[in-house]
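Worksheet: one structure, shown below.
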Amino acid sequence: MRLLSRYLLDPADRHALRWTDTYSLHRIVYALFDDVRGEDKQDSSGILFADKGVRQGVNQVIILSDRPPRAPQWGTLETRSLPESYLQAERYAFEVIVNPVRRENRSGRIVPVRGREAIADWFCGHGPGWGFAVEESSLQVTDVQVDRFRKGDATATIARATLTGELTVTEREAFVRAACQGIGRARAFGCGLLQIVPLEHFAFEKGKMRGGSTAPPGRK
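In this text, residue positions in the sequence shown follow our numbering: the first is 9, and each later residue adds one.
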């Protein structure tokens with residue numbers, strides 16, 4: 009079972025929780041859950057999240073988890089279960105924040121993929137491994153940025169890009185795994201959550217998406 013939550017934080021909540029950067033948001037989200045991993049911490053946390061930004065002065069964070077969150081001291085948290093049937097459609101509209109990286113052949117180093125076209129090619133190329141094919145004509149790469157933040161005594165750097173478009177499921181088991189466990193790297197820091205809406209559940213009217221009753225929180 010997977011649970012979808014929408015966490016709403018106004019400026020006073022953000023100040024009380026000391027949300028200043030990506031690492032502090034990681035801390036805030038993970039504090040909502042018991043840590044059920046083993047001592048080596050190598051298992052998946054079971055938590056994915058995406059910062060949806062500010063609407064009418066309120067920050068919205070979407071969270072997908074394999075266990076219920078605690079009631080927060082600050083902010084408003086709305087949680088409901090994700091029906092198993094939600095992941096059985098053939099085609100979806102999607103939005104995802106990714107950390108596009110590749111491994112250099114000679115050095116073996118992990119380096120960022122640079123440029124919108126290269127990021128689009130990277131995402132489409134990885135799609136089959138995640139159980140889907142991207143409709144390339146629908147794909148848009150936006151909000152490309154480099155995120156730097158303090159992590160303990162070190163400075164961490166994450167390349168980010170937001171992608172939207174439509175996809176067709178090609179291998180159900182791999183797709184469900186990708187939707188439930190996330191895709192790519194930096195999933196602990198707000199990357200990798202596939203925000204999906206079955207295409208048969210909505211229609212576009214005057215440029216606005218109208219979702220069905222099972223649409224994830226935050227998709228209006």
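Idealized CB from N, CA, C, for every residue including glycine.
Extent of the continuous beta strand (DSSP E) to which residue i belongs
{"i": "residue 140", "result": "140 to 142"}
{"i": "residue 234", "result": "Any property of residue 234 remains undetermined from this structure, which presents the chain solely from 9 to 228."}
{"i": "residue 84", "result": "84 to 90"}
{"i": "residue 206", "result": "203 to 206"}
{"i": "residue 59", "result": "55 to 63"}
{"i": "residue 68", "result": "66 to 73"}
Integer-rounded CB distance, given that residue j should sit under 8 Å from residue i
{"i": "residue 201", "j": "residue 36", "result": "Residue 201 to residue 36, Cβ: 16 Å. No contact."}
{"i": "residue 191", "j": "residue 102", "result": "Actually they do not touch by this definition, with Cβ atoms about 10 Å apart."}
{"i": "residue 155", "j": "residue 30", "result": "6 Å"}
{"i": "residue 178", "j": "residue 136", "result": "6 Å"}
{"i": "residue 182", "j": "residue 34", "result": "Incorrect: roughly 27 Å between the Cβ atoms, too far for contact."}
{"i": "residue 148", "j": "residue 171", "result": "7 Å"}
{"i": "residue 104", "j": "residue 124", "result": "The pair is not a contact, with the Cβ atoms about 15 Å apart (cut-off 8 Å)."}
Residues near residue i in its chain [Cβ-Cβ closer than 7 Å; skip 5 each side]
{"i": "residue 119", "result": "109, 110 and 112"}
{"i": "residue 184", "result": "95"}
Buried or exposed by the 16-neighbour rule on C-beta atoms within 10 Å, applied to residue i
{"i": "residue 206", "result": "buried"}
{"i": "residue 48", "result": "Any answer about residue 48 is weak, because its pLDDT of 49 lies below 50 and its placement is not dependable; what the coordinates show is given next. Counting Cβ neighbours within 10 Å, residue 48 comes out exposed, since fewer than 16 surround it."}
{"i": "residue 38", "result": "exposed"}
{"i": "residue 160", "result": "exposed"}
{"i": "residue 52", "result": "exposed"}
{"i": "residue 42", "result": "exposed"}
{"i": "residue 158", "result": "exposed"}
{"i": "residue 44", "result": "exposed"}
{"i": "residue 162", "result": "exposed"}
{"i": "residue 10", "result": "buried"}
{"i": "residue 106", "result": "buried"}
{"i": "residue 169", "result": "buried"}
{"i": "residue 194", "result": "buried"}
{"i": "residue 62", "result": "exposed"}
{"i": "residue 139", "result": "buried"}
Boundaries of the alpha helix (DSSP H) in which residue i is found, first to last residue
{"i": "residue 38", "result": "30 to 38"}
{"i": "residue 12", "result": "Taken as a continuous stretch (DSSP letters only), residue 12 belongs to no alpha helix (DSSP H), being part of the beta strand (DSSP E) at 10 to 17."}
{"i": "residue 183", "result": "180 to 189"}
Chain-order list of residues whose beta-carbon lies under 6 Å from that of residue i (same chain, five-residue window excluded)
{"i": "residue 146", "result": "173 and 174"}
{"i": "residue 59", "result": "69 and 198"}
{"i": "residue 82", "result": "21, 24 and 25"}
{"i": "residue 165", "result": "156"}
{"i": "residue 187", "result": "95 and 202"}
{"i": "residue 17", "result": "67 and 83"}
{"i": "residue 78", "result": "40"}
{"i": "residue 64", "result": "none"}
Distance cut-off 7 Å: residue i Cβ against heavy atoms of the ligand ATP
{"i": "residue 200", "result": "Ligands are entirely absent from the displayed structure, and the ligand ATP is therefore not among its contents."}
Own chain, CB closer than 8 Å to residue i, minus 5 neighbours either side, in chain order
{"i": "residue 12", "result": "70, 71, 72, 87, 88, 89, 90, 224 and 225"}
{"i": "residue 121", "result": "108, 109, 110, 127, 130 and 167"}
{"i": "residue 238", "result": "Residue 238 is absent from the structure shown; the chain starts at 9 and stops at 228."}
Every unbroken beta strand (DSSP E) within the stretch 101 to 174, with a cutoff of 3 residues, ordered by chain = 109 to 111, 118 to 120, 140 to 142 and 148 to 159
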